[in-house]
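Q: Encoded as structure tokens, here's the structure I'll be asking about.
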Amino acid sequence: MTTKRIDQLLNIVNQKQKIAVKDLSEMLNVSKVTVRKDLSELEAKGLLVRKHGFAIINNPSKLNYRLAQNYEIKQKIALAASELINEQETIMVESGSTCALLVQELGKQGKHVTVITNSYFIADFVSEYSNIEVFVLGGKYQPESEVVVGPIAKDVLKNFQVGRLFIGMDGFDERNGFYGRDIMRADIVQAMAQNAQQLIILSDSTKFSQFSLVKLASFEETDQIITDQQIPDTVKKILEEQQIIVQEVD
């Protein structure tokens, strides 16, 4: 499956929500056999669902749905982030689609890494990789995002100290920094940041043009951003003025 066709197929399914294999074949100008093979591979990755000759979008409230948005860019960001991590390192990872791809990439590379996370989705997502050791925090479970939050999770975090914390984001404000959707998850991010020497945000460039509700991190707390080359020049200038390292993937 080519990168271009992956993007096209996922974009079509996300727009239509449900589409027949024959229609995908016509729109992509490939055979039905090729489309079925592509869909099988994408379903195995959890990016969509196949049912009775149709491709169906994942539940938008689930992380698998967000994985399918800008999938190839997120993979490239995850690969770039993985290059920062050393063999036998322990990292913290908050829930997020690009963060999940980062841990998966470490698994594929065979790096022996310990991951501390509040995401049960990530723990399950990388369960096949014996080189990844995962510690999942306890606490109040949010089924829609498959994470734990709240005071119990924050209390457990006090036992850990790591070099790097990786998080995603949902929105950006040029005056105040980086934002998320959920106040409880933002609270956990802030607690994680207190126990990490560096905070690194993994985000495709579309998030820099979006509004979101709850502050995740300030400019002062953030050390590095890994994103794609479509990040607006005005935003990049703001980040660099704030002495944040900006790494762009192709």
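Read left to right, the sequence shown gives residues 1 to 250 (full-length UniProt numbering). Every residue gets a Cβ at the ideal spot worked out from N, C-alpha and C, and that includes glycine. All figures in this text were calculated on a predicted structure; none of them were measured in a lab.
1) In the DSSP output, which residue or residues are listed as bridge partners for Glu133?
2) Alpha carbon to alpha carbon, how far is Glu26 from Ile77? Give it in angstroms, no decimals.
3) Opposite Ala196 in the DSSP bridges: which residues?
4) Taking Cβ to Cβ, would you say Leu24 is nearer than 9 Å to Leu42?
5) Can the beta-carbon of Arg5 be found less than 9 Å from the beta-carbon of Leu28?
6) Near Val235, what residues of its chain come up, given a Cβ to Cβ distance below 6 Å and the 5 sequence neighbours on each side ignored?
7) Grouping DSSP H, G and I as helix and E and B as strand, with all else coil, what is Lys18?
8) For the segment 176-187 against the segment 101-108, do three or more pairs of beta-carbon atoms, one drawn from each stretch, fall closer than 8 Å, so that the two count as touching?
9) Hey, would you say the C-beta of Lys37 is under 8 Å away from at least one heavy atom of the ligand HEM?
10) At what residues does the beta strand (DSSP E) containing Lys215 begin and finish?
11) Quick one: measure Cβ to Cβ for Val147 and Ser95, integer angstroms, because I've assumed they're closer than 8 Å.
12) Should Asn70 be labelled buried (16 or more other beta-carbon atoms within 10 Å of its own) or exposed?
13) Opposite Phe178 in the DSSP bridges: which residues?
14) Buried or exposed for Leu213, please, with buried defined as at least 16 other CB atoms from any protein chain shown within 10 angstroms of its CB.
15) Could you tell me the distance, in whole angstroms, from the CA atom of Ser97 to the CA atom of Ser31?
16) Looking at Val136 and Ile126, is the spacing between their C-beta atoms short of 9 Å?
17) Note down, in chain order, each residue of its chain lying with its Cβ closer than 8 Å to the Cβ of Lys45, except the 5 sequence neighbours on either side.
18) Leaving out five residues on either side along the sequence, give the residues of the same chain with a beta carbon under 7 Å from the beta carbon of Gly171.
19) Assuming Thr90 contacts Thr114 (C-beta within less than 8 Å), just tell me the rounded distance between them.
20) Can you give me the Cβ contacts of Ala193 inside the same chain, cut-off strictly under 7 Å, excluding the 5 residues immediately before and after it?
21) Go through its chain and collect everything with a Cβ distance to Ile244's Cβ below 8 Å, but skip five positions before and after it.
22) Check Thr90 in the structure and name its three-state DSSP category.
23) For Lys140, which option in Val103, Arg185, Val246 has the closest C-alpha, if you only look at C-alpha atoms?
24) By a C-beta neighbour count over all protein chains shown, 10 Å radius and 16 as the cutoff for buried, is Gln75 buried or exposed?
25) Nearest to Ile122 by CA position, among Ile152, Ile167, Val246, is which residue?
A: This is what the structure gives:
1) Thr114
2) 31 Å
3) Val162
4) no
5) yes
6) Phe208
7) strand
8) no
9) Within the structure as shown, the ligand HEM is missing, as the structure has no ligands at all.
10) Run containing Lys215: 214-217, per the beta strand (DSSP E) assignment.
11) 4 Å
12) buried
13) Phe172, Ala217
14) exposed
15) Going by C-alpha positions, Ser97 is about 30 Å away from Ser31.
16) Just to set this straight, residue 126 is Val in the shown sequence, not Ile. Not in contact: Val126 and Val136 (Cβ atoms no closer than 9 Å).
17) Leu67
18) Tyr179, Lys207, Gln210, Phe211, Ser212
19) 4 Å
20) Leu165, Leu199, Ala217, Glu221
21) Phe219, Thr222, Asp223, Gln224, Ile225
22) In the structure shown, the three-state DSSP call for Thr90 is strand.
23) Out of Val103, Arg185, Val246, Arg185 has the C-alpha closest to the C-alpha of Lys140.
24) Looking at its Cβ environment, which holds 16 or more other Cβ atoms inside 10 Å, Gln75 is buried.
25) Ile167
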